[in-house]
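Notes to accompany the following structure.
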Amino acid sequence: MNTKTKWSIFSAIIALAIVIQISFIIPAHALTYYFNCISRIANKNGTITLENAVNCYDKVFKGAKHAQAQNNTTIATLSS
Numbered sequence: 128m129n130t131k132t133k134w135s136i137f138s139a140i141i142a143l144a145i146v147i148q149i150s151f152i153i154p155a156h157a158l159t160y161y162f163n164c165i166s167r168i169a170n171k172n173g174t175i176t177l178e179n180a181v182n183c184y185d186k187v188f189k190g191a192k193h194a195q196a197q198n199n200t201t202i203a204t205l206s207s
């Protein structure tokens, strides 16, 4: 194996490692946004309700409502 091939393989491995690291960081930001939403509501109202928490969850994790609706449909179908 020549030097150019070794550097190409090394570069590909480093690029893959960077992509993997980024994929771990993005979900952590979503949790930060969720906690910030909860904190804003709690600081504004002085209280927090389950409805506030669910609204923040749905706002930050956009696919949550759709997935929950599909899950409810599946459960209803299985229980009939």
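Numbering (this note's numbering), first residue to last: 128 to 207. The beta carbon of each residue, even a glycine, is placed where N, CA and C say it ideally should be. Source: prediction; values computed, not measured.
Hey, residue i and residue j: beta-carbon distance below 8 Å or not?
i	j	result
V181	A157	no
Y160	Y184	no
With distance defined between alpha-carbon atoms, name the residue in the options nearest to residue i.
i	options	result
L177	I165, V146, I140	I165
Can you tell me whether residue i is helix, strand or coil according to DSSP?
i	result
I175	coil
K189	coil
N170	helix
N163	helix
N182	helix
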